[in-house]
Each structure stands twice: as C-alpha cells, then as structure tokens.
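With our numbering applied, the sequence shown covers 13 to 501.
Glycine included, every Cβ here is placed at the ideal spot set by N, Cα and C.
This structure is a prediction, so every number in the text was calculated from the model and none was measured.
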Amino acid sequence: MTPEKYLNWLKDGAAERMVLVEVLVNVAGVDTVRYLSSREYVTKPTDTPPNLEYLPVITGDPTITDELIEGGAGGLSAGEIEMSNGDGALDGWLMDVWRNGWIRVWIGDPAWPRADMHPEFVGIVDDLTVSARDALKLVLGDKMARMNTTITEVKLGGASPNADVILPLPFGECHNVSPLLMNSATLEYGFGCPVESTFEVRSNGKPVAIILNDQAGRFKLTTPSYSAAITASVQGDSGGGYAPRIAPLVRRIATAYGKPEDRFTDDDIDLENFAAFDAAHPQPVGLYVAERTNQAQAIQQLASSVGAQAVMSPTGKLRLIQIALPAPGTPVKIGMDQMSAVGVTPMEMRPAVAAVKIGYDRNYTKQTALTTSIPPAHADLYATEWLTETYEDPAVKARYRRTGDPVQIDTCLKRKADAMAEAQRRQALGAVPRMRYSVDGEPELMVVELGGPVVLYGDRFDLQVGKEGQVLKRQRHLSSCRVGLEILV
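So this is what it looks like as structure tokens:
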C-alpha cells in the first residue's frame, strides 16, 4: 500500500473501514495471541498467516492519543479499545493476564489483504477492565512503559561498607562527580561501566596522582588522600563507542540499560529520525546517575536539554522530537476543507517570553568549604552547582511589560556557547504570544504526524492567510478515521 493510495482511501467518504488488533495474553500460564477486529475479517490464502479468522468483538470508535508535553516532561501515547460482551462469552478473559502484553493495531478496508493494513499503534496493554455489564475495555500504553524502571540496580557487592550501593553511571561529559569507593584497602574508586577517560581527580579540590583503568571504569590513588572527598571529571560510558551527544546517549540508555528483558533494540528505534536529530543537535552533553533513577526520565532529561522529547511512533519506534517553530520537514496544509464545520478553536494562549536562563555544565559535587591551597577562583567554581547563561530581548520585555528574572532551566549541556544558543532559540520561540488551537480533522489528517509541521488556515483568529504550526497532540478515532489535533501556532 503506497502512501498515495492510503491517502486516497482516507479521503473516500464511501470507503469501508475497520480495525484489526493482535494482542499477547497469558492464558493459564501460556502466552497466546488473540486476533480481534471491528467487523468480520479472514486473511487471504496468500496472506501471512493465511486463512486466519479475527474475532469481531471490537465496538465503538477506538481511540489512540499521543502528545508532546510542553516543558520537557516527555511525550506519551495511550488508547482505549472497547469489546462487546453482551452474551458473556468473554467473561473468562478477565481471568487471563493482559497487563504488559504487547499489542498491535491497524486500520484498513475489509477487502484489503493483511499486508496492506495500515499500522496505527504498537505498544503494551495496561490492563483489561470492565467498562459496562456488556462490555470489556483494553487500556493501552506505549512502549516507553518498558523503560519505566530504574536505569540500573547493579550494586558493588562484596564485603565493603558500600556493598549495597548502586554503581554510578556517567554518560557523556560529567564534571566533578563523586565516584564510588570500591576498595578502601587499595584506594580504588570507579563507576558501573567502562569509560572513555577519567581526569582531574581531586581530594578536597586538590589534584592527586592516580593509576587509571578506564576499560573497567576504575582508578586507584597512588597515595592516601587528603580527605574522603574524592572527585573526578569523566568522559563516560564508552560501550558501543563514545559519543557525548543526545541521540547516541539516548540510544545507548534505551538499548543497554534497564531490565534486560525490556531493553530496546535498534528495531525499536527510528534510526533515520535519530540520525537527523544527531546532525541537527551535535552539542556535547553529560548526565551522571549516582542513585536510583528512572530510565525513561534519564532519557527525557537528555532530550529536554534542547527542548526535545522522546516519543513512540505509530509503528512503535522511539523518536526524538523538538518543539520548534518552524518544525523540521515539509508542512501539511490544514484548511477549512480538512476540518469539521466548527473550524479552529483556540485553547490556550502562551504569554510572550522576554528572557530565558539556561543552566549548564553542572558541577555534580558542590563543595562550599574547600580548605586546600587551590586558587580562590577555582574554589568559587567548585562551590557553584550550575553555570548559567541568560538571553533577554529588551524590545519584547518592554512591549509585553515582562518583569522579574527568568526561572532557570537546567540542562545537560556543557558549553557556554551552546547554552546561549539554546536560550536564544527558546526566547525566539516565545518572542510573541503563542496560541494552541484544536481542530476536528477529516480522515485525510490521519497522516499528520505528532511533532510534524503544518500551515493552519481558518476563517478567524488571523489565520486567513495561514500560519506555521506544530502538532502537539493527536487523538485518532480508528473506526471513523477522524482525528483531533492540537496545534501550536
């Protein structure tokens, strides 16, 4: 099925539409795939698998919602699929284990072969619930839920006082961290992974001599330290090659950390998207994980450094999307012909932003009372957790009567120039008030992607000539193929 044929089918008001679902369920201890549909459907003899009958129990208009959440908290996808159970035939399903089983959802024409069905969602089942006496409901979540776990639970072990402490993990360039004391007898310190390099090892702020073993993520002091306050700067995890940028680090965390059975592979990542993001955002970053940290939150923390988020595509692949105007790509024109008669509805006005303050190059071990003979300027740096850059537009400040200092936005960025560039980018995005609009879209807008660029037209709100926007939320109704959009303009 080519994109052109699929779009023509969406535009065809007389087209028959249906939903197919395949879902993994544990039945009496045995993993079983159930095949569900919104109307009768049997795969063709030439399909894979051939002559497979789907159970036509899906009712109503199943919905899939995905969203970019402003402020860098991360994207999300969720959905609901209701199933008819008027005769009680599905009562036994409530005893099965649905939670965290994979689920795949397609839409298409009942006459199409199985291979032509269009994918709309790949994720997991949050649970099966009873929505009414005569209905069951599948509640869906996206694959990011697999990373809703600690990034690592590996502890030092052994008989040392730190045996029960989680091994710290450095990603990218991390300044003045506190490595874990591995062996007090041999004065060995280190991390939970091989590292690219360790340097500027200090005792109470004063440099000390060491013996490096970066391949093991370890180093030893050559003489007893001045104090117990050992710090170091480190170029972190070198597994798979050292690349201290957002896209490679997100890929590394997703594929090498978390629960082994839930780790992503490259098949779970939109590699084309990651390559484009990496080319557009080559800034060095650093993140030091010294305690229990959620894997998904670590990924979002890296991505949010440039106003981006990690989200799942309809085919279940991890993407990085930056909130930006104009958004990258070829914009889709959305006019009155592509929406219901209600037209464009304003939802929220974002006030103008006159100034942005970015925190960068975090000092992971803030030391306010160093007593060694280091220069005062160096001591001041070690007493400061964040370096900052602020960009202010005086014209915007005066025009919109903005007062007060901006709230600091902490990032994983490392360089002064990158922090200033990001402050300027964010201020430019907010240099004028931004409106968030909602649109009840016709089926042809099912092809509009989350985070994608659009040109929005309307008969009000100064949209007559069209304005650039970015899709921040979609709610796809799978049986009717209507789609609700929320667009930042």
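Here the C-alpha atom of residue 104 lies approximately 44 Å from the C-alpha atom of residue 449. Bridge partners of residue 215 according to DSSP: 218, 242. Looking at the DSSP output, residue 234 sits in no beta bridge, so it has no partner there. In the three-state reduction of the DSSP assignment, residue 149 falls in the strand class, which pools E and B. Looking only at 197, 111, 344, the smallest Cα-Cα distance to residue 462 is reached by 344. Per DSSP, the unbroken alpha helix (DSSP H) holding residue 285 starts and ends at 283-292. For residue 200, the closest C-alpha among the options 208, 213, 398 is that of 213.
Using a C-beta cut-off of 8 Å, the segment 127-141 makes contact with the segment 317-332, since at least three inter-stretch Cβ pairs fall below that distance. For residue 322, no alpha helix (DSSP H) run applies; the uninterrupted beta strand (DSSP E) run containing it begins and ends at 320-324, by DSSP. The residue from 354, 185, 161 with its alpha-carbon nearest to that of residue 304 is 161.
Annotation: the continuous beta strand (DSSP E) that includes residue 46 extends over 42-49. Apart from sequence neighbours up to five positions away, the residues of its chain that approach residue 106 with a beta-carbon distance below 8 Å are 140, 142, 148, ordered along the chain. Taking a contact to require three or more Cβ pairs closer than 8 Å, the segment 285-298 and the segment 346-358 do not qualify as touching. Straight through space, the alpha carbons of residue 266 and residue 275 are spaced by roughly 6 Å. When C-alpha distances from residue 19 are compared across 473, 486, 454, the shortest belongs to 454.
Our two residues, residue 464 and residue 203, have alpha carbons roughly 40 Å apart in a direct line.
At the C-beta level, residue 70 and residue 89 stay beyond 8 Å of one another.
Rounded to whole angstroms, residue 256 and residue 230 show a C-alpha spacing of 20 Å. Under the three-pair Cβ rule at 8 Å, the segment 29-38 counts as touching the segment 116-125.
The Cβ atoms of residue 487 and residue 75 lie closer than 8 Å to each other. The count of Cβ pairs closer than 8 Å, one atom from the segment 408-426 and one from the segment 370-383, reaches three, so the stretches are in contact. Annotated as distal: residue 192 and residue 181, with beta-carbon spacing of 8 Å or more.
For residue 414 against residue 364, the beta-carbon gap comes to about 7 Å, under 8 Å, which counts as contact.
Note: residue 32 is bridge-paired with 49, 118 in the DSSP secondary-structure output. The residue from 235, 228, 206 with its alpha-carbon nearest to that of residue 222 is 235. Taking C-beta atoms as the reference points, residue 159 and residue 311 count as a pair closer than 8 Å.
In this structure, the beta-carbon distance from residue 426 to residue 298 falls below 8 Å.
In the displayed model, residue 23 falls within a helix according to three-state DSSP.
Within the segment 393-469, complete alpha helix (DSSP H) segments of at least 4 residues are found at 406-411, 428-441, given in chain order. Within its own chain, the residues whose Cβ lies closer than 7 Å to the Cβ of residue 347, once the five positions on either side in sequence are excluded, are 469, listed in chain order. DSSP places residue 77 inside the beta strand (DSSP E), whose first and last residues are 70-79. Residue 145 sits exposed, since fewer than 16 C-beta atoms from the chains shown fall within 10 Å of its C-beta. CA-to-CA, the gap between residue 316 and residue 101 works out to about 47 Å. Excluding residues up to 5 positions away in sequence, 452 lie with their Cβ nearer than 8 Å to the Cβ of residue 354 in the same chain.
Taking every protein chain shown into account, the CB of residue 42 has fewer than 16 other CB atoms within 10 angstroms, so this residue is exposed. It is roughly 9 Å from the alpha-carbon of residue 475 to the alpha-carbon of residue 467.
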